[in-house]
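Trainee: Dumping the structure here so I can ask a few things about it.
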Amino acid sequence: MIKVGVIGALGKMGSEVVKAVINNNETKGEMILVCAVDKFKTGENVWGNVAIESDIEKALEVNKPDVVVDFTQPALVFENTKKYINSKVKSVIGTTGLSAEQIKELEKLSKENNTGCFIAPNFTTGAVLMMMFSKMASKYFDNAEILEFHHNQKKDAPSGTAVKTAQMMAEINPDFTKGNVPETELIQGSRGGNFNENGKGNIRIHSIRMPGFVASQEVIFGAPGQTLKIRHDSINRECYMGGVELAIKHVFNNNEFIYGLENIL
Numbered sequence: 042m043i044k045v046g047v048i049g050a051l052g053k054m055g056s057e058v059v060k061a062v063i064n065n066n067e068t069k070g071e072m073i074l075v076c077a078v079d080k081f082k083t084g085e086n087v088w089g090n091v092a093i094e095s096d097i098e099k100a101l102e103v104n105k106p107d108v109v110v111d112f113t114q115p116a117l118v119f120e121n122t123k124k125y126i127n128s129k130v131k132s133v134i135g136t137t138g139l140s141a142e143q144i145k146e147l148e149k150l151s152k153e154n155n156t157g158c159f160i161a162p163n164f165t166t167g168a169v170l171m172m173m174f175s176k177m178a179s180k181y182f183d184n185a186e187i188l189e190f191h192h193n194q195k196k197d198a199p200s201g202t203a204v205k206t207a208q209m210m211a212e213i214n215p216d217f218t219k220g221n222v223p224e225t226e227l228i229q230g231s232r233g234g235n236f237n238e239n240g241k242g243n244i245r246i247h248s249i250r251m252p253g254f255v256a257s258q259e260v261i262f263g264a265p266g267q268t269l270k271i272r273h274d275s276i277n278r279e280c281y282m283g284g285v286e287l288a289i290k291h292v293f294n295n296n297e298f299i300y301g302l303e304n305i306l
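Per the working numbering, the sequence shown starts with residue 42, numbered consecutively.
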């Protein structure tokens, strides 16, 4: 049985992970919740026998989880993940906001410590397929832009899913602005952010933050006489849990560093 700790356990995603682990224990017997960490309600038994803890390092030392799942804050996730790896605790990271440089550093640290680390911008199979389909379409279209929609409590923009999608598209096509005329923004930012990594991409990303959304993304491709739209909508946060469980099982059985759920589908 996999001993699981959840960091950011009282958050919207963290609480869903806790429920998923408890449900897995009751129905499949594959996982058990051994610790829950959050800055609120310290000491309270929110879920049966597991009390909320506030100190990550102490929680790792005392409860000895096999895998921790982190859904905290963009400002915390990098340092948190280093703590997990340095403590030789395997981790599944769902918090977005990590830079390309930080991800490379975590990969290096993971290999040095021979400790598995699984980072995914999105855990829904539909969203991962949307990214894979967008990568496929990039071979046939020279123009594309990304629109991503999230609730207004999301702190980072663009989303990790949008950045990952752009990275995958740029692997196939280095410039998605072919034929565009020189532009002048009358209102700064009206054309969105321009993804350009290592001189590749030139993909405009537009981030919408509004009540009513959970998470949606649309990739629009254009060519003379046609457009192609690839869209995924998350209706509720339960849709992420299948991917989270899959990641927990994979990282438990492997010591490798993985970035992106598509690598194990």
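We put the CB at the ideal spot given by N, CA and C, even for glycine. Predicted model only: the values in this text are computed from it and were never measured.
(1) Does DSSP put S275 in a helix, in a strand, or in coil?
(2) Going by DSSP, which residues form a beta bridge with M172?
(3) If we require 4 or more residues per run, which alpha helix (DSSP H) segments fall completely within the stretch 257-301?
(4) Starting from S248 and walking both ways along the alpha helix (DSSP H), at which residues does that stretch end?
(5) Find the nearest neighbour of F81 within the set S95, N193, L74, judged by alpha-carbon distance.
(6) Pick helix, strand or coil for N64, following the three-state DSSP scheme.
(7) Quick check: what's the CA-CA separation for K105 versus V47?
(8) Sort out for me which residues DSSP pairs D111 with in a bridge.
(9) Per the DSSP calculation, E238 is bridged to which residue(s)?
(10) If you follow the alpha helix (DSSP H) that M42 is part of, which residue opens it and which one closes it?
(11) Look at I11 and S151 and say whether their C-beta atoms are less than 8 Å apart.
Mentor: Once the coordinates are examined:
(1) As a first step, residue 275 is located in the sequence shown; it is residue number 234 there, counting from the start. If DSSP states are grouped into helix, strand and coil, S275 belongs with the strands.
(2) As a first step, residue 172 must be located in the sequence shown, where it is residue number 131. Its beta-bridge partners do not exist; DSSP assigns none.
(3) As far as the stretch 257-301 is concerned, its whole alpha helix (DSSP H) runs of at least 4 residues are 282-294.
(4) As a first step, residue 248 is located in the sequence shown; it is residue number 207 there, counting from the start. S248: not part of any alpha helix (DSSP H); member of the beta strand (DSSP E) spanning 241-250, first to last residue.
(5) The residue you call residue 81 lines up with position 40 of the sequence shown. Nearest Cα to F81 within the set S95, N193, L74: S95.
(6) Stepping through the sequence shown from its first residue, residue 64 is reached at position 23. Assignment of N64 by DSSP, reduced to helix, strand and coil, places it in the helix class.
(7) Position 64 of the sequence shown, counted from the first residue, corresponds to residue 105. Position 6 of the sequence shown, counted from the first residue, corresponds to residue 47. Between the alpha carbons of K105 and V47 lies a distance of about 12 Å.
(8) Numbered from 1 along the sequence shown, position 70 holds the residue referred to as residue 111. D111 is bridged to I48, I134.
(9) One-based indexing of the sequence shown puts residue 238 at position 197. Answer is K241.
(10) Translated into the one-based positions of the sequence shown, residue 42 becomes position 1. Neither: M42 is in no alpha helix (DSSP H) and is coded neither H nor E.
(11) This structure gives no information on residue 11, because the portion of the chain shown stretches from 42 to 306.
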